[in-house]
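In our numbering, the protein residues as written are 13 to 470. All C-beta atoms in this analysis are idealised placements derived from N, C-alpha and C, irrespective of residue type, glycine included. Just so you know, these numbers come straight off a predicted model, no measurement behind them.
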Amino acid sequence: MQEKTQGRGVWSTKAGFILAAAGSAIGLGNIWRFPYVTGQNGGAAFVLIYILCVICIGLPVMIAELSIGRRSQLNPVGAFRKLAPGSPWVAVGMIGVATGIGILSYYSVVAGWTVGYFFKTVAGDFSRFITSDTSGQIFNSFVRNPTAAIGFLFLFLVLTAAVVMGGVAKGIERWSRILMPALFILLILLTIRSVTLPNAGEGLSFYLKPDFSKITAGTIGKALGQALFSLSLGMGAMITYGSYIARKENIPVAAGYVCLFDTLIAIIAGLMTFPALFAMGLRPDASGPGLVFVLLPTIFAKMPGGFIFGAGFFLLLTLAALTSTISLLEVAVSYMVDEWKWKRLRAVVLMSGLAFIIGIPSALSQGASQWLSSLPLVHLSFLDLANVLLGNYSLTVGAFLIAIFVAYKWGIKSTRQEIEAEGNVFHFGRIWSFLIRFICPVAILIIFIYIIITGDFF
Ligand code: TRP
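Given below as structure tokens:
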């Protein structure tokens, strides 16, 4: 990472930036969240809507966020203040910072399970004869144990804090370079095993043959939420990362690659999940957040050398989660450092400490506490509720406001100037401007109205 005159880092190469942004995007969202949300929302039809959301809303908003970041060279709050001085737009940045810490809190709980599963695999807890029943029991007793759940949450946040302390670009850029390709290869191997299991066909047709009768307002809202979550959009992570891109880089091209890689990994994760899920006799809508943790050990058991694949997979997944939580924590930390002039160390310790405290109810919500496991009225666990409110709704509102900001406040012209700096070509610039001015805000508004009318909130 080279230092620039302002003292802000710059990604050392274009590939470095794409890897780092892909590192933020690719994580548990693709491998843990995408499969279970797809399972709960009807399969193939959901996947189609998801892809549509990535192309028509995710990609244009990512271009918008990166441009805001590179122009302002600041954290999300500072960026809105600089581009629209004296206006209430800074609030969008502040909501983003808060949302980031909230997502970090429960995301780290699940990342902690991944660390735990790495140790369990190495310790030989999963026998070659494991069934979906026994695997489910192992998962339940693991997440029901409060000491383990809170302990691994703590451990994972310490890891995240340690990397963020050292400055973002250095750590992430180097790690992502090895990590992403390795994860990709392991995923492909698991997918091959999954699609060759007996009865894989049933899972494939659930995943690939759309049945639009299963689509409701809530389903569409969840597909959009999942797209934003998976691409790390709607709360300023990409504004922060954009502030580290050099001006000679082509933002839309970089954003295109990130969306492509992220979507590819999610699609493959689904291809790994559903054939095995049906082969093991599980129901796609019944498992919830435990889905991949219950399922994966049963796939490893059916592979020669499965122990090695299993340990390797959970290790890589832990690291992929880490490159994502880094971006969540970095948003709040860069805000404290830039705007409040805090020392980096202090910001990191206090913000990760805060995420730990808010993470505790999520950690206890998978059986350790009855009350947190099924909250009154909504009948969701605390973790599920946080995941819907922050990971879907808050990001969707954020993406809506960012689109409005770029289209009507900062302006299409200024954004294009930033993108076309230093002679860069903005391919599809007119399509982008159409999407960001009309499609993004209107589509999001319609989805919200539709959800409110049908009352299909969760
Ligand atoms: N996108 C990451 C994943 O799929 C999670 C993530 C990292 C995130 N940074 C974010 C989600 C910012 C929303 C906003 O695992």
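Backbone CA spacing between residue i and residue j [nearest angstrom]
i, j, result
"phenylalanine 312", "leucine 202", "8 Å"
"glutamine 238", "threonine 111", "15 Å"
"glycine 178", "arginine 186", "13 Å"
"isoleucine 369", "leucine 116", "11 Å"
"alanine 333", "tyrosine 48", "17 Å"
"threonine 50", "leucine 86", "36 Å"
"tyrosine 405", "leucine 245", "12 Å"
"alanine 455", "leucine 401", "19 Å"
"leucine 165", "lysine 425", "45 Å"
"alanine 37", "valine 270", "8 Å"
"methionine 363", "leucine 341", "7 Å"
"leucine 329", "glycine 98", "43 Å"
"glutamine 429", "tryptophan 354", "33 Å"
"methionine 106", "isoleucine 463", "26 Å"
"tyrosine 129", "serine 147", "12 Å"
"glutamine 52", "alanine 266", "32 Å"
"serine 377", "serine 299", "15 Å"
"threonine 126", "methionine 315", "20 Å"
"methionine 284", "serine 206", "6 Å"
"glycine 213", "glycine 318", "23 Å"
"phenylalanine 321", "alanine 194", "12 Å"
"leucine 71", "arginine 449", "13 Å"
"valine 343", "isoleucine 75", "18 Å"
"lysine 16", "glycine 435", "For lysine 16, the predicted structure reports a pLDDT of 39, less than 50, and the residue's modelled location is therefore unreliable. A value from the coordinates is still provided. Lysine 16 and glycine 435: Cα-Cα distance of roughly 20 Å."
"alanine 281", "phenylalanine 325", "12 Å"
"glycine 379", "proline 158", "9 Å"
"alanine 91", "serine 144", "49 Å"
"histidine 391", "tyrosine 119", "20 Å"
"glycine 21", "serine 84", "14 Å"
"isoleucine 338", "aspartate 223", "38 Å"
"alanine 278", "leucine 236", "14 Å"
"arginine 358", "glutamate 351", "14 Å"
"valine 347", "leucine 272", "The sequence shown places tyrosine at residue 347, not valine. Distance between the alpha carbons of tyrosine 347 and leucine 272: 29 Å."
Check whether residue i and residue j have beta carbons under 8 Å apart
i, j, result
"proline 88", "threonine 252", "yes"
"leucine 384", "proline 373", "yes"
"alanine 274", "serine 242", "In the sequence on display, residue 274 carries aspartate and not alanine. Yes; because the gap between Cβ atoms is below 8 Å, this pair is in contact."
"alanine 57", "phenylalanine 218", "no"
"glycine 410", "glycine 41", "no"
"glutamate 261", "lysine 94", "no"
"leucine 294", "leucine 307", "yes"
"proline 287", "leucine 199", "no"
"phenylalanine 154", "asparagine 211", "no"
"isoleucine 263", "leucine 395", "no"
"glycine 114", "alanine 398", "yes"
"phenylalanine 168", "alanine 123", "yes"
"isoleucine 431", "glycine 254", "no"
"threonine 228", "threonine 466", "yes"
"methionine 192", "alanine 34", "yes"
"threonine 231", "glycine 54", "yes"
"leucine 447", "cysteine 68", "yes"
Reference residue i; option with closest CA among the options
i, options, result
"isoleucine 451", "Ala415, Gly246 and Thr427", "Ala415"
"valine 102", "Trp422, Phe58, Phe470 and Ala323", "Trp422"
"phenylalanine 46", "Phe460, Ser406, Val176 and Pro301", "Pro301"
"glycine 268", "Leu387, Ser120 and His439", "His439"
"arginine 356", "Val176, Pro97, Phe131 and Phe154", "Val176"
"serine 24", "Lys314, Ile257 and Val73", "Ile257"
"leucine 413", "Val437, Leu457 and Asn399", "Leu457"
"valine 437", "Ala32, Gly371, Arg259 and Phe92", "Arg259"
"valine 134", "Cys65, Pro309, Ile61 and Val418", "Pro309"
"proline 445", "Leu191, Phe138, Ala419 and Trp44", "What sits at residue 445 in the sequence shown is serine, not proline. Closest by alpha carbon: Ala419."
"isoleucine 30", "Ile461, Arg189 and Gly322", "Arg189"
"isoleucine 150", "Ala281, Leu331, Val304 and Asp223", "Val304"
"valine 345", "Thr172, Met292, Ser144 and Leu236", "Thr172"
"glycine 136", "Ala323, Arg442 and Ile43", "Ala323"
"valine 104", "Ala375, Ala174, Leu272 and Gly248", "Gly248"
"tyrosine 62", "Gly371, Leu240 and Lys132", "Leu240"
"serine 470", "Leu407, Ile443, Leu389 and Phe417", "With the sequence shown as reference, residue 470 is identified as phenylalanine, and serine is not the correct amino acid for it. Out of Leu407, Ile443, Leu389 and Phe417, Leu389 has the C-alpha closest to the C-alpha of phenylalanine 470."
"glycine 163", "Ala375, Arg442, Ala96 and Trp44", "Ala375"
"leucine 216", "Asn152, Pro296, Ser339 and Leu236", "Pro296"
"phenylalanine 131", "Ile142, Arg140, Arg156 and Ala160", "Ala160"
"phenylalanine 141", "Leu331, Met292, Ser386 and Met348", "Met292"
"alanine 96", "Trp44, Ala32 and Phe417", "Phe417"
"lysine 234", "Leu60, Gly28, Arg442 and Pro453", "Leu60"
"arginine 82", "Ala433, Val349 and Trp44", "Ala433"
In chain order, which continuous runs of the alpha helix (DSSP H) of length 4 or greater are located wholly inside the stretch 313 to 391?
With a minimum length of 4 residues, the unbroken runs of alpha helix (DSSP H) contained wholly in the stretch 313 to 391 fall at 318 to 351, 356 to 375 and 382 to 385.
Jot down the residue ranges of each uninterrupted alpha helix (DSSP H) in the stretch 53 to 130, minimum 4 residues, whole runs only, in chain order.
56 to 65, 71 to 84 and 88 to 95
So within the stretch 203 to 260, which uninterrupted alpha helix (DSSP H) runs reach at least 4 residues, ignoring any that extend past its ends?
212 to 220, 229 to 242 and 249 to 254
Under 6 Å from any heavy atom of the ligand TRP, by CB: list those residues in chain order, please.
Having a Cβ closer than 6 Å to some heavy atom of the ligand TRP are Ser36, Ala37, Gly39, Leu40, Gly41, Asn42, Ile115, Phe241, Ser242, Ser244, Met247, Ala249, Ser336, Ser339, Leu340 and Leu407.
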